[in-house]
Amino acid sequence: MTKLQLSDVAAAPVPTLAHSDAPPAPPARRRRWLPFSPWHLVLIPLTFLLIVPLLWMLVTSLETEGEANRFPPVLLPERPRFENYSEAWAAAPFGHFFLNSALVTLVVLLSNLVVCSLAGYAFARIRFLGRGALFVTLMATLMVPFQVTMIPVFLIVKWFGDNVWAGLGIDHIGALMLPNLATAFGIFFLRQFFQTVPVELEEAARVDGTSRLGVLFKIVLPLSLPALSTLAALTVLTSWNDFLWPLIVITSHDQMTIPLGLSYFQGAHRVKWPLLMAANVMSLLPMLLVFVGAQRYFVQSVASTGLKG
Amino acid sequence: MIRRRLCIALVAVLALVLTACGGGGSSPSGPTEIAVWHGYQDTEGEVFKGLIDQYNKDHPDVKVSELYSSNDLVLQKVLTAVRGGSAPDVAYMFGSWSPNIAKIPQIVDMASQVSNPDWKWDDFYPAEREAATVGDKIVGVPALVDNLAIVYNKKLFADAGIAPPSPTWTWDDFRAAAAKLTDPSKGQYGWLIPADGSEDTVWHYVPMLWEAGGDILSPDNQHAVFNSEAGVKALTTLQQMAVNDKSLYLDTTNENGPKLMNSGKVAMLVTGPWDLSQLSDIEYGVQVMPTFAGSGGTHQTISGPDNWVVFNNGDKKKQAAIDFVKWLTAPEQVKAFSLGTGDLPTRISVGQDQTVVDKMDENLPGSKVFVENLSNVKKVRPTVEQYPAISEALGQAIVSVMLGKDQPADALNAAAKAADEALAGK
Amino acid sequence: MPEDAPARRPFVVLRGLGRGESVTGWALVSPAVVLIGVFGLLPVLMSLQLSFQKSDLLTPETPWVGLENYRKLADDPVFVEAIKHTIIYTALFVPGTMLVGLFVAAALNRSVRFISVYRTAAYITMAVSTISQGIIFLWLTDRDYGLVNAALNAVGAPSQPFLASPSQALYVIVAMTIWGWTGFSVIVYLAALQGVPAELHEAAAIDGASAATRFRTITVPLLGPANLFLVVWLTINALQLFDEVYATTRGGPLRATTVIVYYLWDRAFVQFDAGYAAAMAYALFVVILVITAVQFRLARKHVHTS
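In C-alpha cells, the structure reads:
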C-alpha cells in the first residue's frame, strides 16, 4: 500500500469546490433573468416564515405595556419604545447574569467538545469490548425526562458541594456546569458524523504508525469541522437557555443566569411583555455572535474525496 | 498539541470560575440570616423590599434576604430544596397547596404561635384562616387575599343601552345582558371564562355552586356533593351562555381575559383585583356577584388566600423567621402594603378602615368594591389533600359541558364518582 | 461505511490489534462514562427506585409498594389516551420535521450571496423559547382573532377552533413543533450536506442526470448517518414532549393534547403522586429504548444492503 498522507489528499489535482448541489452549468446555456440568484425568491419567504416569532419578539419589545396587553396583538407600536431595553437591563443585575451564563456555557462547551469527541470517535471507529452495550446504556440517559430525574440530580450535586468543593454545590454556578459536562447527545451526534469520514484515510495513517489519538486529532477532527461547529452551536444554545435546572439549584442573586433573570418579568398574574421581550432579544445577541463566528467552519474547506487505496 | 492547550484552557477556566464563585454563608456570630422566597415583582416587589429593608434596619440582630421565584414554579423549587436540605426560612405558597404541604415535617405548625393574643389571629378574614388550617395544624399566616367580582366595560353597556350590573342582579339578568352584548360580527362577547379545565376554571364555577345553595363536599369531607340540584343549576347557567347563547367566550389560554377586556372585545369579566391595573384603555366598573332568583341573595363569592409558610431550619432561624412573619402580617404593615400595592388587606381591621379603603379606591378605582366584597366570602374550598384530584375531575366536567360535549347532570355525576374514588384513597 | 467490516477488506493487517484496541477504546470513553454515569445514569436508577414507592415528595415516609404503581398504570384510561396521543404526535412530527428540514437545508446549501444571513436566521429560531412560540401560535390560530382564520375567511372557509378544539389541537401542536424544530433539522442536514462530494454531482450532471435525480440518488443515500441521528433524536424527543404542551394547551382541551410526559408531570407536581409518575417514566423509558434499538438495527441492515 502506498503511503498516503493528508497532504497528498490536499495536493491532489481535484478542484476544491464549495459544496453545493448546483453543478457549474455549461456557460453557454446559463442566462440570468434577474440581477440576483433566483434562489433568493425561495429563501426570503422561507426565512420570513421561520423568523416570525423573532419579529413578534422585536415588535413587542418596542411597545408600551398598554399596547402589549391587547388581543389581538398590536403589530405596529405607535412609537418604538427603545427605553424598554434600558429599563429591562436596569430591572435586574443582567450584567452579572450575562457573566454567569457566559462562564457556564463556555465551560460546558469546551468540556463537551473534548469529552464527546474522544468518546464519539471511540464509538465510531474502535471495536472494544462492550461497546454496543455501553453505547445503549449512555443513550438511555436521554430517555428519561428531566422532571423525573431532577431531584436525584439535585441530591448528587449537593453531595459534591458538601464533600468535594462548595463551588460545585447547590447555589453555585459550578452546579450548573457539573451535570452538563458531557451528554449522550453529543456523543451520539459526533459518532454519526465521524462515521462519514472516509475510513481509508484513517487506515492509511494508522498503517503509518499514527496512534488512535493521533488519527483523531490529525485526520478526523479537521475533517469534521462542520459537525463540531454544529455541536458547538447546539450546546451553546441549550446551555444558554437552560431554565428548569438553574431554577431548582440557584437561590442567590449573584449566581443567577439569564433565563432566571428573565423570569423576573413573569409575575404571578401578569407578564411584563415589553420588558421581557427586550431582555430576550438582548440575551439572543451573544448566541447570534457565536453562530456568525462559527459560520466559517460550517463549510468544509478541504475536499474530502472518496479515494480508493 | 491542540488537546493539551484545550485541557489547560479548560482547567484554567474552571479554576477561575470556581474561585470567583462565592457562596453566601453566615458567620457563626453575627446577625441571624433568614431567606424569604416570594413571587412579588413590580410595585409589589418594591414595596415588599422596602418593608424588608425597614425590618433589617430596626432589627440589627437579623438579616432578612429575599429571593424572587415565580409563584407557579416555587412549589417544585421548594420540594427539591426540602428534599435536599436547603429549604428557605419563609416561603409564599398558594393556599390550595396547604393540605399537601402540611405533610412536610419541616413546616412549622403555627397553631401554638397564633393562639397568642398579640397575633390578633381573629383579625384575619375567616376564609384566610380556614385556608391556612389543615385539621389541627395551621400551616401558615395569611399573605394575600382576593375575591371574584364582576368587572365590566362601562362604554359597551352604554352603547348597547343596557343598565350596568347592579347589586340586585340575578344570574338571569347577567345572562340576558351578556347575550345582548354579544355581537359575532364585531368579534365581541358578553362574558369570558378561563376554560382550560384547571382550578382557574373550577373556581369560577364554585361561587355559582355556593350561591345556588350547593357545596363541593359533604360536611365530613368524605364524598362529593357538587352533583346536587344546585350544582346542576349552576352548571346549566354556564351551559346556556356558552352553548345556547354563545355569549360566553371560552379562553383556553387563561391569559387573554384582561387583554380582550382591555381591547374592548369582552363586556364583562368575573375576576379579581389583580387584573384591574391591566385595564388601562377602558373605563370599567366593579360589581358584586349575581344571585340566583329566589336564593336569598348572598352574592357569594370565592377567595383564594395564600400564606407565608415558615420552615424549621434550626431554633435560631425558626424564631427569627416567626418574628419576621409576625411583624410582616401585623396590622400596620398590612396597611402599608395594601396602600402601596393595591392588594386587598388581609386584616378585617384594615379592611374596615374607611380612610384606607378610600385611598385604595383613589389609586385603583374599583378596589373599594373588592374590599367590601370580602364580607361576601362565606365558604372556602375544602382543605383536603385530594383537592387537586377533585378539582381536576370537576374542571374537565365543566369544560366538556361548556364545549357542548356533555350535559350538566351526566358530567357532574361522572366527576363526583371520580372525586369519591380519590377521596377513598384509590 | 460500516465500521465492523468483514475480513475481506484490505486493512485486515490492522485487526491484529483487536485486543489492545479495547484498552484504547475504554480509555477514550472513560471521561464520558464517568460524567454521564454519575449525572445521568445514577439519577435514572434512583428514579427507578421511586417508581416502586408511594411518594408525594412531601412526607419523608415513602412506603414500598412494589409493582403497584405499574399495575395502576395498566388500568389508567388517561394513561392509555396519553399513549395514543404521544404515538400519533411522534408519527407525524418526526417525518415532518425531517422532510421540512431537508428541504430548507437543501435550499440553504448553496453559495448565493447573503447565504450566511439565511442560515443564521434558521439557527436563531431555535433560540426562541417555547413560551414565546406558544404565545405566537395561540394568537395565530385563535378562532376569532387569529391570522390563520382571517386568511381562511378571506377565501370563504369557516373559522376553525384549532387549539381550542379537542379534535384539532394535537395536530396544531404537531405543526407548531415542526416549525420550532426545523432550525435544528436544518443545521444537522447542512452539516451533513457538506460531506457530499461535489465531484459525484458533476459526474452525474455530465451524464445528463437532472438536479432532482441527482439529489435523490446521490445526496439522499449519503445522508444516512445524519438521517439516523435525526430519526433517533427526534423520536426520543417527540416521545417526551412536554414544554410546548405546557406553554399552550396544558394537556387540554379535554385531554386532547395530554401526552405521556405532561401527564406524569401533572401526577407528580399537581397531584402529588410522584411514585406513580416515576412508574410512568419508566414504562416510557422501556418503550423509547426498544424503539431506538429497532431504529439502529434497521439502519444497520439498510446500510449493509445499499
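Chains as they are written, first to last, in my numbering: chain A, 27 to 335; chain B, 3 to 428; chain C, 182 to 487.
Heads up, the beta-carbon is just placed ideally off N, CA and C, and yes, glycines get one too.
Here the structure is a predicted model, which is why all the values come from computation and not from measurement.
Check                                                                                                                               : Outcome
Closer than 8 Å at the beta carbon, the chain A residues around Arg85/B                                                             : Ile177, Phe180, Leu181
Local conformation of Gly427/B per DSSP, three classes                                                                              : coil
Simplified DSSP assignment, three categories, for Arg105/A                                                                          : coil
Cβ pair count under 8 Å reaching 3, the stretch 344-360 of chain B against the stretch 248-266 of chain B                           : no
Proximity below 8 Å, CB of Asn267/A to CB of Met83/A                                                                                : no
Minimum C-alpha distance to Ile217/C - residue among Gln173/A, Val141/A, Phe97/A                                                    : Val141/A
Contact between the stretch 91-109 of chain B and the stretch 65-83 of chain B (3+ Cβ pairs under 8 Å)                              : yes
Exposure label - Thr254/B; buried when at least 16 CB within 10 Å                                                                   : buried
Contacts around Trp171/B, its chain only, beta-carbon distance under 6 Å, and the 5 residues preceding and following it disregarded : Pro292
Pair within 8 Å by beta-carbon distance, Leu168/A and Phe215/A                                                                      : no
The stretch 150-166 of chain A in contact with the stretch 230-241 of chain C per 3-pair CB rule at 8 Å                             : no
Supposed close pair Pro390/B, Val451/C - CB separation, criterion 8 Å                                                               : 5 Å
Rounded Cβ spacing between Phe326/B and Tyr57/B (contact assumed at less than 8 Å)                                                  : 6 Å
Closer than 8 Å to chain B by CB, Leu238/C                                                                                          : yes
Lys51/B versus Leu422/C: straight-line alpha-carbon distance, rounded                                                               : 39 Å
Alpha helix (DSSP H) segment containing Ser366/C, residue limits                                                                    : 350-374
Closest by C-alpha distance to Asp222/B, when choosing among Asn314/B, Pro119/B, Gly137/B                                           : Gly137/B
C-alpha distance - Ser346/C paired with Thr416/C, whole-angstrom precision                                                          : 26 Å
Contact list for Asp202/B against chain A, beta-carbon separation under 8 Å                                                         : Residues of chain A passing the Cβ test: none, with the nearest at roughly 11 Å.
Leu135/A versus Glu93/A, Leu263/A, Lys184/A, residue with shortest Cα-Cα distance                                                   : Leu263/A
Chain-ordered chain C contacts of Tyr147/A [CB-CB under 7 Å]                                                                        : Leu209
Range of the contiguous beta strand (DSSP E) that encloses Ser67/B                                                                  : 64-70
Buried/exposed call for Ala288/C, threshold 16 Cβ in 10 Å                                                                           : buried
Residue burial classification, Phe108/A (beta-carbon count within 10 angstroms, cutoff 16)                                          : exposed
Outcome for Gly235/A when other beta-carbon atoms lying within 10 angstroms are tallied against a minimum of 16                     : exposed
With 16 other Cβ atoms within 10 Å as the buried cut-off, status of Pro339/C                                                        : exposed
Chain-ordered residues of the stretch 406-435 of chain C with a beta carbon less than 7 Å from chain B                              : Thr430, Arg431, Gly433, Pro434, Leu435
Of the residues Pro244/C, Leu209/C, Ile296/C, Pro258/C, the one placed nearest Ile68/A, counting alpha carbons only                 : Looking at the sequence provided, one finds Val at residue 68/A rather than Ile. Nearest option by C-alpha distance: Ile296/C.
Contact with chain A by Tyr299/C, beta-carbon distance below 8 Å                                                                    : yes
Whole-angstrom C-beta distance between Gly187/A and Ile199/A, which should lie under 8 Å                                            : Actually they are not in contact, since the Cβ atoms of Ile199/A and Gly187/A sit about 12 Å apart, beyond 8 Å.
8 Å Cβ cut-off: residues of chain B touching Gln452/C                                                                               : Pro390, Ala391, Glu394
Proximal residues of chain C, C-beta to C-beta of Leu219/B below 8 Å                                                                : None at all; the shortest Cβ gap to chain C is about 17 Å.
Within chain A, the residues that Lys79/B reaches when beta carbons sit closer than 7 Å                                             : Leu273, Ile274
As assigned by DSSP and simplified to three states, the class of Asn155/B                                                           : strand
Pairwise C-alpha distance: Asn330/C and Lys419/B                                                                                    : 39 Å
DSSP beta-bridge partners of Val312/B                                                                                               : Val92/B
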